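When we follow our numbering, the leftmost residue of the sequence shown carries the number 441, and every step to the right adds one. For glycine and all other residues, C-beta sits at the position ideal for the given N, C-alpha and C. Just so it is clear, the structure is predicted and the values come from calculations on it, not from any experiment.
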Amino acid sequence: MPHRLPPAPPGRLGLRARLALLLAGCALAGAAAAQAVDGARIAAADREPGNWMSHGRTYDEQRFSPLAKINDRNVGKLGMAWTYKLDVDRGVEATPIVVDGVMYTTGAESIVYALDARSGKLLWRHDPKVNAESLSQGCCDVVNRGVAVWKGRVYVGAFDGRLIALDARTGEQVWSVDTVLDKTKSYTITGAPRIVKGKVLIGNGGAEFGVRGYVTAYDADTGQQAWRFFTVPGDPAQPPENKAMAMAMKTWSGNGWVKWGGGGTAWDSMAYDPELNLLYIGTGNGSPWNYQFRSEGKGDNLFLSSIVALDPDTGDYVWHYQTTPADRWDYTATQHIVLADLRIDGKLRKVLMQAPKNGFFYVLDRTDGKLISAKNYVPVNWASHIDLKTGRPVETGAGNYGPGDQKKLVIPAFLGGHNWHPMSFNPKTGLVYLPAQETMAELEAQKEPLFLPTKSVVNLGLEVPELPEDPKIEAQIRGAWKGRLLAWDPVRQKAAWSHDYASAWNGGTLSTAGNLVFQGTADGRAVAYAADNGKQLWQSPVNSGAMAGPISYEVDGEQYVSFMVGWGGAFPHITGPISLSARVRPEARVVTFKLGASQKLPPAKLAPALPRAADVPPLTASAEQIKQARLMFNGLCGSCHGLNAVSGGVVPDLRYMKPEQHELFAATVSGARINRGMPGFAGVLKPEDMQLLHQYVIKRTHDLSAEIAAARPAAK
Ligand code: CA
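Encoded structure:
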């Protein structure tokens, strides 16, 4: 057996040595248990409810904890047991794994942490040092959704596309493979690996950067590739890789997608049914979003925005269900998949549930992929309903922004009625706890493609989104985007109760046998509700937006609830000013609660002060030049630093630049901070373009000073 632990040293030991040994013993016990985690143990996870051994706790990904020591009668006594500060204050999206007293989790930039689950003490840390250039080559922050644990190893997907196996005792690398098929394209990994029958499964992101999606299985022992399933067809001039690709090819037109990648990336959800031996994957949006450029506006474009069932042994296609045929709205079906057995019309059905971005809640028969029911869970305008006979959406045309059409207001927006934030299912209440959101956006097709997407510059085949600089209009749009926790009855397809939030992008959910639902919020709280009636029973500040799915575990008879905290991800990056109702700053931490504890967090990070007017360089550009500069800024910089230079607060808000940063502006834009995730535009922009961008930032700094000055007397 590999990785056998050394025997305890014999002999008499002093108190200090014994204490040290005891502490080491805790870590080693956990590592020993991690060594034994395998498919049989995950499949029988309910026999050891104190552990959380795979991403969704169980292969059916219900995120339900059978633990009930913390319950609806005593949850008010929950206090902070420990916190652990993560290295990088960016978006935190991981679900921790806990095995016998050790927590394995990840922060931004794919850094892995092993912590003592009782105390939060660091046992080891592994920084895969992701390729610095890759940091700017993802759509939605340098996030990671967690590790998998299997037979003494911890597996993580690094942002630059590597899949890495670590020794669970030490964090040392055992093997590493590059999952990236084409190094000229911007492939990233943000999802958590899943492990089924000794194979590590991982997809990737990049559909906004022109990639072709796939899922790959690697031997957990050796890292050797076992199979790869492409989610969209390749070049029609070449023979298709398999029968599934031959079938998919018939649903695409022309060959535009070959240049644009096609998309369909499987960047998050997977679930597994050991009895049926079926692996379910969720696939993403088309590349580009513009359906005309991608497929001449023809065909369903399989397997975009689909749930695909595969044979986990071979990667062979078994069935698919496409939620959004011919997707042109970034309506991914990568959202969390939950398997359950539900009594529907008197019959016990093996179902698969998903609430993809497109706003409809789907219940499928997971044996064959047939639609059982579907209902919109948030307001939608692109389709009126899902036809239960054909399984297809009945489109209204309201979302058809091209070709020849004007811009269209599409509901939900590209961030969806629900995004990656995992939902949970409680078999006791029969309810799904869904972190939903109301979103909308105007989309307008480019008449002709401007350029193909590159590794660091996105092109969706759409015009740059327009958002007036007027703060009143900003506030109006901000108000139209909101969050909602829905307790959704999947049999009746309606909400049992709901709870509204001022901001979208609230956390994933955990439900427990203690009649509780836990959720983090965008505005920086951890909250508990009664699972049956939705009454809020407890809350605690956690300083930053809590987006990830919380977990519960037990060590030495004590139940804990743990939240991964840290604001970031697509929402504050892409929507800039619209995300500001969350009113938090990124601050990355693991925050763990237990009954009767009373630890306190340090005060939350303060917002930076606006520079003095004398420290801002003079505005010399004409109004006409500023107009041009604004278009250039929103096209090149807006998706990270915020539209109109109003940042969502994760990537620096350039209006707050210090004098020395103004001096370095051109150098920074040219690539001087490439190792901190700021792309270099030296070959793309001329010096006069950089000057124009700088002038726009200066203009917006003056605008902000004026806004603040104008607000002052009114505040008196
Ligand atoms: Ca996308």
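Residue i: first and last residue of the uninterrupted alpha helix (DSSP H) it sits in
| i | result |
| --- | --- |
| Y817 | Where Y817 is concerned, there is no enclosing alpha helix (DSSP H), given that its DSSP letter is neither H nor E. |
| M687 | K683 to M689 |
| V872 | Unbroken run through V872 is the beta strand (DSSP E), L871 to E878; no alpha helix (DSSP H). |
| H392 | In this structure the chain extends from 441 to 1156, so residue 392 is not present and cannot be described. |
| S1079 | G1078 to H1081 |
| F415 | This structure cannot settle anything about residue 415, because the visible part of the chain is limited to 441 through 1156. |
| T1015 | A1010 to T1015 |
Local conformation of residue i per DSSP, three classes
| i | result |
| --- | --- |
| T1141 | helix |
| E998 | strand |
| K1067 | helix |
| H858 | coil |
| F1073 | helix |
| N1176 | Not covered by the structure: residue 1176. The range shown for the chain is 441 to 1156. |
| R634 | strand |
| V1091 | coil |
| T1108 | helix |
| M493 | coil |
| W697 | helix |
| P1127 | helix |
| S574 | helix |
| L890 | coil |
| I1148 | helix |
| L462 | Annotation note: pLDDT 42 at L462 (below 50); position unreliable, coordinate value reported separately. In the structure shown, L462 sits in a helix (DSSP, three-state: H, G or I). |
| D1055 | helix |
| A1022 | helix |
| F733 | helix |
| R965 | strand |
| Y499 | coil |
| L555 | strand |
| L468 | Reliability of the predicted coordinates at L468 is poor, the pLDDT of 47 falling under 50, and no value is obtained from them. |
| L828 | coil |
| V538 | strand |
| Q1135 | helix |
| Y627 | coil |
| I642 | strand |
| I812 | strand |
Ligand 1 heavy atom lying under 7 Å from the CB of residue i
| i | result |
| --- | --- |
| V533 | According to the sequence as given, residue 533 is Glu; it is not Val. Because no heavy atom of ligand 1 lies under 7 Å away, the Cβ of E533 does not count as near it: no. |
| N983 | no |
Unbroken beta strand (DSSP E) run spanning residue i, endpoints
| i | result |
| --- | --- |
| G919 | Note, G919: premise wrong, no beta strand (DSSP E); alpha helix (DSSP H) at P911 to A920. |
| Y524 | L518 to K525 |
| S550 | Segment: none, S550 is in no beta strand (DSSP E) and carries neither H nor E. |
| A657 | Y654 to D659 |
| P958 | One detail in the question is off: residue 958 reads as Phe in this sequence, not Pro. Looking at the DSSP string, the run of the beta strand (DSSP E) that includes F958 is L956 to G960. |
| R481 | It is not in any beta strand (DSSP E) - R481 instead sits in the alpha helix (DSSP H) that spans G479 to A483. |
| G722 | L718 to G722 |
| F1033 | R1029 to L1035 |
| P833 | P833 to E835 |
| S1038 | Taken as a continuous stretch (DSSP letters only), S1038 belongs to no beta strand (DSSP E), as it is neither H nor E. |
| D622 | Segment: none, D622 is in no beta strand (DSSP E) and carries neither H nor E. |
| L849 | K848 to V850 |
| L563 | L562 to H566 |
| W707 | Where W707 is concerned, there is no enclosing beta strand (DSSP E), given that its DSSP letter is neither H nor E. |
| E882 | A881 to L883 |
| L950 | T949 to T952 |
| Q665 | Q665 to F670 |
| D529 | Careful: D529 lies outside any beta strand (DSSP E) and carries neither H nor E. |
| A1044 | No beta strand (DSSP E) holds A1044; DSSP gives it neither H nor E. |
| P981 | Q976 to P981 |
Neighbour flag for residue i against chain D, beta carbons, 8 Å
| i | result |
| --- | --- |
| T619 | Among the chains in the structure shown there is no chain D, since it carries only a single protein chain. |
Those residues, in chain order, that have a beta-carbon closer than 6 Å to some heavy atom of ligand 1: A647, E648, G724, N725, D770 and T772
What runs of the beta strand (DSSP E), each 3 residues or longer, lie entirely inside the region 735 to 809? 746 to 750, 757 to 762, 778 to 784, 787 to 794 and 800 to 805
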